[in-house]
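What follows is a short report on a single structure.
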Amino acid sequence: MSQVPTFPDGFLWGAATAAHQIEGSPLADDAGPSIWTRFAHTPGMTLNGDTGDVACDHYRRWKDDVRLMRDLGLQAYRFSVAWARVLPDGTGRINQAGLDFYSRLVDELLANGIEPLLTLYHWDLPAALDDRGGWLNRDSADWFAEYASVMYRALDGRVKKWVTLNEPWVITDGGYLHGALAPGHRSLFEAPIASHNLMRAHGAAVRAYREAGAHEIGLVVNIEPKYPASDSEADRVATRRAHAYMNEQYLHPALLGRYPEELEDVFGAAWPEWPKQDFELIRQQLDFVGINYYTRGVTEANDSYPLKAGSVRQPLATYTETGWEVYPKGLTDLLVWFKQTYGDIPVYVTENGAAMYDPPIADVDGDGRGRVRDPLRIDYLRKHIAAIHDAIRAGVDVRGYMLWSLLDNLEWSLGYSKRFGMVHVNYATQERTPKDSAHWYSGVIRSHGRSL
Ligand SMILES: OC[C@@H]1[C@@H](O)[C@H](O)[C@@H](O)c2[nH]c(CCc3ccccc3)c[n+]21
Numbered sequence: 402m403s404q405v406p407t408f409p410d411g412f413l414w415g416a417a418t419a420a421h422q423i424e425g426s427p428l429a430d431d432a433g434p435s436i437w438t439r440f441a442h443t444p445g446m447t448l449n450g451d452t453g454d455v456a457c458d459h460y461r462r463w464k465d466d467v468r469l470m471r472d473l474g475l476q477a478y479r480f481s482v483a484w485a486r487v488l489p490d491g492t493g494r495i496n497q498a499g500l501d502f503y504s505r506l507v508d509e510l511l512a513n514g515i516e517p518l519l520t521l522y523h524w525d526l527p528a529a530l531d532d533r534g535g536w537l538n539r540d541s542a543d544w545f546a547e548y549a550s551v552m553y554r555a556l557d558g559r560v561k562k563w564v565t566l567n568e569p570w571v572i573t574d575g576g577y578l579h580g581a582l583a584p585g586h587r588s589l590f591e592a593p594i595a596s597h598n599l600m601r602a603h604g605a606a607v608r609a610y611r612e613a614g615a616h617e618i619g620l621v622v623n624i625e626p627k628y629p630a631s632d633s634e635a636d637r638v639a640t641r642r643a644h645a646y647m648n649e650q651y652l653h654p655a656l657l658g659r660y661p662e663e664l665e666d667v668f669g670a671a672w673p674e675w676p677k678q679d680f681e682l683i684r685q686q687l688d689f690v691g692i693n694y695y696t697r698g699v700t701e702a703n704d705s706y707p708l709k710a711g712s713v714r715q716p717l718a719t720y721t722e723t724g725w726e727v728y729p730k731g732l733t734d735l736l737v738w739f740k741q742t743y744g745d746i747p748v749y750v751t752e753n754g755a756a757m758y759d760p761p762i763a764d765v766d767g768d769g770r771g772r773v774r775d776p777l778r779i780d781y782l783r784k785h786i787a788a789i790h791d792a793i794r795a796g797v798d799v800r801g802y803m804l805w806s807l808l809d810n811l812e813w814s815l816g817y818s819k820r821f822g823m824v825h826v827n828y829a830t831q832e833r834t835p836k837d838s839a840h841w842y843s844g845v846i847r848s849h850g851r852s853l
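So the sequence shown is residues 402 to 853, counted in this note's numbering.
Written out as structure tokens, the structure reads:
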């Protein structure tokens, strides 16, 4: 970056988490089980059999964690609501204790000058609804709209930025196609049905919000720019399919009211005829779109099912613990593509971060305080925030950055093996220790990005 970066006035600096990954106490105070409670307690489904039974114990430590956010200078905090705490059966009976937890959390955030950014669904469907077919049941749009309305009535006004779904692509690709995530299905036929119902549910929740709410609502997607591994026709076709399957499968119906035509070819006989009126429900005016960015996808043709496209691992910059390539320019390219494809819709980068090898906590300064030196994470974050600045200079209306994640937490099927947090969590003692990246990020926030 040539000169000192200047981010727009009001650009929001925050951090993100998700209920199942940090809260623990999944069944406390009459909460119902979710598909992740069930999945993680199914032998063999998660690394080391790790579960969300304790996680970061945030359900009990939430007030201290808000104090930690304040001390770090966060301006915003993106979190998700565990649906089954509020509606233990998924619909019908409201569990006031569950609603009260989120109401208290929101009030504490506001009292500390931190703007809440609430995600209604971050993968933890009430198990009772999975028993009724889950996202494969067209009624799921009504279930989700009912849940969303309960939350709007309780919190709208205090919460002014709402997200319907976190990453419908992962929910479907992981939960219904490849089976690595709850509910662990493996079906080419179920995948497009789950995707479609998720997007109908998104539309139904936005429609309900327009009747009950008065602030901002959006959708969060994980997208990654796809680059062909070679300029061969086969690799270019594969790249186009991969791009349609991940990047357009959800944004096209939400913003354009149609699917990319490649999907009919990708799914073949498994691609249903969609009722036309579904797209009137799915396509709703959005106040923003959240983009979760971690890496790019270098893509080659191969007969891997069902895409006939596969990612080619890049040898150089894959020193993250997940093996994902560090490729900041991909974020700039992606943000510019988004504006060119969908227009000038405000964007938040609602997740960005990396799991790096973090050395043990050590009192390296001899001041009696532990430190976690994570220079690689600082380098990753610096480069990606700079990439956002490049996109802003290219005219993209990016409104904020939510670092993934505030805390080390439960990385789904990978258990506690991957640490994405800017704050280290000792899971045995629940002690929180801000890493060097947290102190660095505090400086970025204080300087509004000028210290990058
Ligand atoms: O994997 C890190 C984070 C998760 O902890 C978040 O819950 C989730 O929103 C999220 N999405 C992505 C990018 C898509 C992805 C998810 C899971 C596995 C691989 C890629 C990375 N992350």
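Think of the CB as a built atom: it goes at the ideal place given N, C-alpha and C, for glycine as much as any other residue.
{"query": "Whether or not the segment 643-659 and the segment 548-562 are in contact is what I'm after, with contact meaning three or more pairs of Cβ atoms, one per stretch, closer than 8 angstroms; do they touch?", "result": "no"}
{"query": "Rounded to whole angstroms, what's the CA-CA distance from residue 684 to residue 658? Just pull it up for me.", "result": "5 angstroms"}
{"query": "Just curious, the beta strand (DSSP E) that residue 677 is in, first and last residue?", "result": "Not the beta strand (DSSP E): residue 677 falls in the alpha helix (DSSP H), residues 677-683."}
{"query": "Can you check which of these residues, 649, 552 and 656, is closest to residue 610 by C-alpha distance?", "result": "552"}
{"query": "Run through the DSSP bridge pairs and tell me what residue 627 is partnered with.", "result": "698"}
{"query": "Per DSSP, what kind of secondary structure is residue 834 in: helix, strand or coil?", "result": "strand"}
{"query": "According to DSSP, what are the bridge partners of residue 617?", "result": "562"}
{"query": "With a threshold of 7 angstroms on Cβ separation, who are the neighbours of residue 813 within its own chain once the five nearest residues in sequence on each side are excluded?", "result": "582"}
{"query": "Taking the Cβ atom as the reference point for each residue, do residue 744 and residue 694 lie within a distance shorter than 9 angstroms?", "result": "no"}
{"query": "First and last residue of the alpha helix (DSSP H) that includes residue 467?", "result": "459-473"}
{"query": "Cβ of residue 723 within 8 angstroms of any heavy atom in ligand 1?", "result": "yes"}
{"query": "Might you give, ordered along the chain, the residues of its own chain that have their beta carbon closer than 6 angstroms to the beta carbon of residue 796, omitting 5 neighbours on each side?", "result": "none"}
{"query": "Cβ of residue 422 versus every heavy atom of ligand 1: is any distance shorter than 8 angstroms?", "result": "yes"}
{"query": "Check residue 770 in the structure and name its three-state DSSP category.", "result": "coil"}
{"query": "CA-CA distance, residue 639 and residue 747?", "result": "30 angstroms"}
{"query": "In three-state DSSP terms, what is residue 415?", "result": "strand"}
{"query": "Would residue 509 and residue 477 qualify as a contact pair, given that the criterion is a beta-carbon distance under 9 angstroms?", "result": "no"}
{"query": "Using 10 angstroms around the beta-carbon of residue 466, count the other beta-carbons present and answer buried if the total reaches 16, otherwise exposed.", "result": "buried"}
{"query": "Taking the alpha-carbon positions, what's the residue 692 to residue 749 distance?", "result": "6 angstroms"}
{"query": "Verify the contact flag: residue 763, CB atom, against every heavy atom of ligand 1, threshold strictly below 8 angstroms.", "result": "no"}
{"query": "Secondary structure at residue 804, three-state DSSP: helix, strand or coil?", "result": "strand"}
{"query": "Starting from the N-terminal side, write out each stretch of the beta strand (DSSP E) that is 3 residues or longer and does not extend beyond the segment 553-601.", "result": "562-567"}
{"query": "Taking 8 angstroms as the cut-off, is the C-beta of residue 579 nearer than that to any heavy atom in ligand 1?", "result": "no"}
{"query": "For residue 793 and residue 445, what's the separation of their Cα atoms in angstroms?", "result": "44 angstroms"}
{"query": "Just tell me which of 828, 784, 425 and 740 has its CA closest to the CA of residue 482.", "result": "425"}
{"query": "Where does the unbroken alpha helix (DSSP H) through residue 733 begin, and where does it stop?", "result": "730-743"}
{"query": "Using 10 angstroms around the beta-carbon of residue 650, count the other beta-carbons present and answer buried if the total reaches 16, otherwise exposed.", "result": "buried"}
{"query": "When the Cα atoms are used, what is the spatial distance from residue 443 to residue 437?", "result": "10 angstroms"}
{"query": "Which full runs of the alpha helix (DSSP H) of 4+ residues lie inside the segment 516-543, going along the chain?", "result": "528-531"}
{"query": "Given residue 557, which residues of its chain have a CB within under 6 angstroms of its CB, disregarding the five upstream and five downstream residues?", "result": "614"}
{"query": "Please find out if some non-hydrogen atom of ligand 1 comes closer than 8 angstroms to the beta-carbon of residue 819.", "result": "yes"}
{"query": "So, for residue 457: in the same chain, excluding its five sequence neighbours on each side, which residues have a beta-carbon less than 6 angstroms away from its beta-carbon?", "result": "423, 808, 810 and 826"}
{"query": "To which residues of the same chain is residue 668 closer than 6 angstroms at the C-beta, ignoring the five residues directly before and after it?", "result": "593"}
{"query": "Name the residue from 600, 849 and 842 whose alpha carbon lies nearest to the alpha carbon of residue 472.", "result": "842"}
{"query": "Measure the C-alpha to C-alpha separation of residue 849 and residue 427 and round it to an integer number of angstroms.", "result": "37 angstroms"}
{"query": "Identify, in the order they occur along the chain, each residue of the same chain with its Cβ nearer than 7 angstroms to the Cβ of residue 500, setting aside the five sequence neighbours on each side.", "result": "487 and 555"}
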